[in-house]
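Trainee:
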Amino acid sequence: MSNAEGIQTVAQRDDGTWAPDVSGPGHTASAPEHAPPRPSEAEHPSPEAEHPPSGPHHRPSGTAPSGAVPPAAAPSEAAPSGSATEAPGAGRAGALRALRGLLRQDPGQGDFGRLRFRLGPARGHLEAAALSFAAGFNAVVAGETERIDDLGEDVRGFAYEGAGMACATLDVLTLTGGHRIRALLSGRGVRYPHMIHSGVGCAYARMRLRPMWGVRAVHPLLRWLAFDGFGFHRGVFAADRTVGRRRTPRLMDRTRWAIFDQGLGRALWFHECAGAEDLVLRLAEFPAGRRADLWSGVGMAAAYTGGATPDDLERLAGAAAESGFHAHLAQGAAFGCAARLISGIVPGHTAAAAPVLCGAEADEAAGWTDTALIALGHNAYSGEHYQAWRAGVRKAWTRRCREVQAPA
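Just so you know, our numbering puts the end of the sequence shown at 390, numbered straight through with nothing missing.
#1: Can you find the residues in the same chain that come closer than 6 Å, C-beta to C-beta, to P193, ignoring five residues on each side of it along the sequence?
#2: Quick check on M175: buried or exposed, where buried means 16 or more other Cβ atoms within 10 Å of its Cβ?
#3: Just to confirm before moving on: does the CB-CB distance between L113 and G92 stay below 8 Å?
#4: From this set, G144, R227, R381 and G326, which residue's C-alpha is nearest L350's C-alpha?
#5: Would you report the Cα separation of V386 and G359, rounded to the nearest angstrom?
#6: So, does the CB of P193 fall closer than 8 Å to a CB anywhere in chain B?
#7: Would you be able to state if there are at least three C-beta pairs under 8 Å between the segment 214 to 227 and the segment 254 to 263?
#8: Identify whether I327 lies in helix, strand or coil by the three-state DSSP scheme.
#9: Determine the direct distance from the alpha carbon of I130 to that of R138, and round the result to whole angstroms.
#10: Tell me whether W195 sits in a helix, a strand or coil according to DSSP, three-state version.
#11: Check for me: the alpha helix (DSSP H) holding W371 runs from which residue to which?
#12: What number of angstroms, rounded off, separates the C-alpha of R272 from the C-alpha of M282?
#13: Exposed or buried, which one is S168 when buried takes at least 16 other CB atoms within 10 Å?
#14: For D136, name the three-state secondary structure that DSSP assigns.
#15: Go ahead and label E143 buried or exposed: buried means 16 or more other beta carbons lie within 10 angstroms of its beta carbon, across all protein chains shown.
#16: Within the same chain, show all residues whose beta-carbon is closer than 8 Å to that of L295, passing over the 5 residues directly before and after it, in chain order.
#17: Roughly how many angstroms lie between the CA atoms of V122 and H367, to the nearest whole one?
#18: Hey, quick one: how far does the alpha helix (DSSP H) through N120 stretch, first residue to last?
#19: In the structure shown, what three-state DSSP assignment does L97 receive?
#20: Could you say which of N361, A347 and G365 lies nearest to K377 if we only look at CA atoms?
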């Protein structure tokens, strides 16, 4: 299906959970492609060098590493100075108001100079995404989620990613079991499921909790994007450790590691300011067993976020092909195209990236994700199913390449 529904072809079960809404007979999920064993920290001791190896960076004195999107303040980082401590009789509503005020984000934290990100021509474009993320987060904590729809269509998805982070943060801190996330997914954010689930992962990374702890009844397959968001957040908020020393969280198995690295690849897009040459050099610093998933995240960001020049897109595709990761780059880009189609808006940078990275137009690439999802059947829910979904998209790209290369 290559229409605006994209890969979010789902139906709600009677118990409130979600499952793919598949028309036609079910299919057996394809086995994930073989991947090299993922390295452990012990097998690959990491240098202690700072994360930027080269390129212009602004490093103000005393500025700690930060990310492409402003973080939510952790509960332990500041004490409320208002009614939460001075008016114990205010009740639950007063405490929630104090919590909302404590969580509000500073939009200025999205400035690339403060973040110590590489500064390049795409800076303004990428900072706009970061500012929209903060706007979405703050709209939720202020109880004014409807303000998100006043933002431009190109950046609204990032605002819903921030909204997902805010909803997850409030749900965990108030022990409501995911009520706000479910309401956002079924309400105003219905056309942004990928970004919302990614935002949920950002919240868990900020709170240093295992993704999806305490949250129930979200989409059984897209919920794995929380690990993508977790990796994205770690890549931008703990860059020295995650990018510079290439460390990964310990409490993850191989599947979660792979999805984590997909999100980290998205973070590298911001970190290197969408510069192809810098991205290729950065990816080469990671162990070989991690590069495929990182390339997938780069492809997703290239198609969804944008910011690269046509020449840089060509360089990325060429470098991925030379290193044997073009299928992974195309898979990530196809996911980015699908997320854009679901939102109803395909910006110019997505339409331009799809033929270069996927060898197909955006709607065709998004259709690969539909086909691969349908092949998994109605009961796809596990991390292995998510990986099989990605593998199915790579196989669709391979078939497309063979068709193009076949003699007439």
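No residue lacks a Cβ here, since even glycine has one placed at the ideal position from N, Cα and C.
Mentor: The structure says:
#1: G183, Y186, A208, F209 and F212
#2: Here residue 175 turns out to be Pro, not Met, going by the sequence shown. It is buried - the Cβ of P175 has at least 16 other Cβ atoms within 10 Å.
#3: yes
#4: Note that residue 350 is Trp in the sequence shown, not Leu. Of the candidates G144, R227, R381 and G326, the one whose C-alpha sits nearest the C-alpha of W350 is R381.
#5: 29 Å
#6: Going by chain labels, chain B is absent from the structure shown, which holds only one protein chain.
#7: no
#8: coil
#9: 7 Å
#10: coil
#11: G365 to Q387
#12: 16 Å
#13: exposed
#14: coil
#15: buried
#16: A258, A284, A334, A335, V338 and L339
#17: 32 Å
#18: R105 to V123
#19: helix
#20: A347
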